[in-house]
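Student: Chains as they are written, first to last, in this note's numbering: chain A, -8 to 152; chain B, -8 to 152.
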DNA sequence: TTCGTATCTACAACCGTTGTAGATAAACAA
DNA sequence: TTGTTTATCTACAACGGTTGTAGATACGAA
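The structure is reproduced here in structure tokens:
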């Protein structure tokens, strides 16, 4: 994601107006590695601009996604998460307990459909989601499902969150 | 997923009762490779048992998922999809245009977090989602976003569905 | 400063999913 | 078969994330 100043220019250049609310959201996203939900961005932004509405947050996040400045992703935590990191190729690791999401900077050059297995699909991209438990949740207590599943195909997290 | 008869036994063995509605759902799921949504299962089941309710479909799908007979997955199409195929290790390919989901039977032994990049996560599984256009959507017309993104990290589909 | 228009907030609607309550039917024993 | 217990059923409303609408507000070019 560009800096708040660059985003300001970009918004003006694309015919969008720049408001205090939007700049606040730019600042909130800047350097955020938590892949916040719209609600989380809303909470953070409200600490600066008290009267900002959730709708404005959604609107601005969708604008940023449309401009390619952030990425919206759905990793099965029940709500869309937003990732300001679009410059580096990366994947994601998700805590199945608390829903925490972090970037994984690793290149997997072998992730490619074997010839003939594409079912007629014209594949353009591949995402990998690693699921497990974050350090905090491991420390917090023994999860009943914590046994190692040795990289099998997995289900969603424990029904929601 | 087990056969409808085996599921009937399994439901009884786990203290669940077997009803016409549930057996209908078993039959609907049997051999289904479309990864139907609850709504889709509902539509199909209603052709057999006209008075079945959507709630019952959700209930039964959740029961089956709890028993490990189906897998619920969220691939960013806006609703939970259900996969009766839990026996083989596989991944998924998703059409970014129409939301079609299909299984990909390919083993990727190299999908493993490099040492030190796990961020403290205790990773148990990895899922790969390939995104692109299905044959029908390719044939149906030129998608404005159809240019090859050469396996970069991708976003969700075009905002929903 | 003025004006046109995009954006704002507030509010309600939307949609997928789940909780609740009373009616119904499966399962098992007699 | 009949009765009894108890899970499941349907209908309906609620829930939570997200989006549409309308009138008020403020950006930004002149």
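Cβ atoms here follow ideal geometry from the backbone N, Cα and C, with glycine treated the same way.
1. Within 10 angstroms of its Cβ, does residue 75 of chain A collect 16 or more other Cβ (buried), or is it exposed?
2. Is residue 46 of chain A close to chain B? Criterion is C-beta to C-beta, closer than 8 Å.
3. What did DSSP end up calling residue 51 of chain B once you bin it into helix, strand or coil?
4. Looking at residue 102 of chain B and residue 165 of chain A, is the spacing between their C-beta atoms short of 8 Å?
5. For residue 129 of chain B and chain A, any beta-carbon pair shorter than 8 Å?
6. Pop quiz: residue 82 of chain B and residue 95 of chain B are said to be a contact at Cβ under 8 Å. What is the actual Cβ separation, rounded to whole angstroms?
7. So residue 60 of chain B and residue 77 of chain B are supposed to be a Cβ contact under 8 Å. How far apart are they, rounded?
8. Take residue 19 of chain A as the anchor and find which of A:9, A:7, A:33 has the nearest alpha-carbon.
9. Any C-beta of chain A sitting closer than 8 Å to the C-beta of residue 96 of chain B?
10. Using a beta-carbon distance below 8 Å, is residue 118 of chain B in contact with chain A?
11. Note down, in chain order, every chain B residue with its Cβ under 7 Å from the Cβ of residue 105 of chain A.
12. Quick check on the DSSP output: the beta strand (DSSP E) that includes residue 94 of chain A runs from which residue to which?
13. DSSP three-state label for residue 12 of chain A, please.
14. For residue 108 of chain A, decide whether its Cβ has a neighbour in chain B, counting only Cβ atoms nearer than 8 Å.
15. Within 8 Å, do at least three Cβ pairs link the segment 98 to 116 of chain B to the segment 39 to 51 of chain B?
Tutor: The answer reads as follows:
1. Numbered from 1 along the first chain, position 84 holds the residue referred to as residue 75 of chain A. Burial call: buried.
2. Within the first chain, numbered from 1, the residue matching residue 46 of chain A stands at position 55. No, because no Cβ of chain B sits closer than 8 Å to the Cβ of residue 46 of chain A.
3. Residue 51 of chain B sits at position 60 when you count from the first residue of the second chain. Looking at residue 51 of chain B - three-state DSSP - the assignment turns out to be helix.
4. Since the first residue shown for chain A is -8 and the last is 152, residue 165 of chain A is missing from the structure and cannot be characterised.
5. Residue numbering aside, residue 129 of chain B sits at position 138 when the second chain is read from its first letter. Residue 129 of chain B counts as touching chain A.
6. Counting from 1 along the second chain, the entry for residue 82 of chain B is found at position 91. Counting from 1 along the second chain, the entry for residue 95 of chain B is found at position 104. About 5 Å; that satisfies the 8 Å criterion.
7. As a working mapping, residue 60 of chain B is identified with position 69 in the second chain. As a working mapping, residue 77 of chain B is identified with position 86 in the second chain. Right, the Cβ-Cβ distance comes to about 7 Å (below 8 Å), so this counts as a contact.
8. The residue labelled residue 19 of chain A in the question sits at position 28 within the first chain. Among A:9, A:7, A:33, the Cα nearest to that of residue 19 of chain A is on A:33.
9. Mapped onto the second chain, residue 96 of chain B falls at position 105. So yes, residue 96 of chain B belongs to the interface.
10. In the second chain, residue 118 of chain B corresponds to position 127, counting from 1. So yes, residue 118 of chain B belongs to the interface.
11. Here residue 105 of chain A is taken as the residue at index 114 of the first chain, counted from 1. Here the neighbours are 97.
12. In the first chain, counting from the first residue as 1, residue 94 of chain A sits at position 103. Residue 94 of chain A -> beta strand (DSSP E) spans 92 to 95.
13. Here residue 12 of chain A is taken as the residue at index 21 of the first chain, counted from 1. The answer is helix: DSSP assigns residue 12 of chain A an H, G or I state.
14. Translated into positions along the first chain, residue 108 of chain A becomes position 117. Output row for residue 108 of chain A: interface = yes.
15. no
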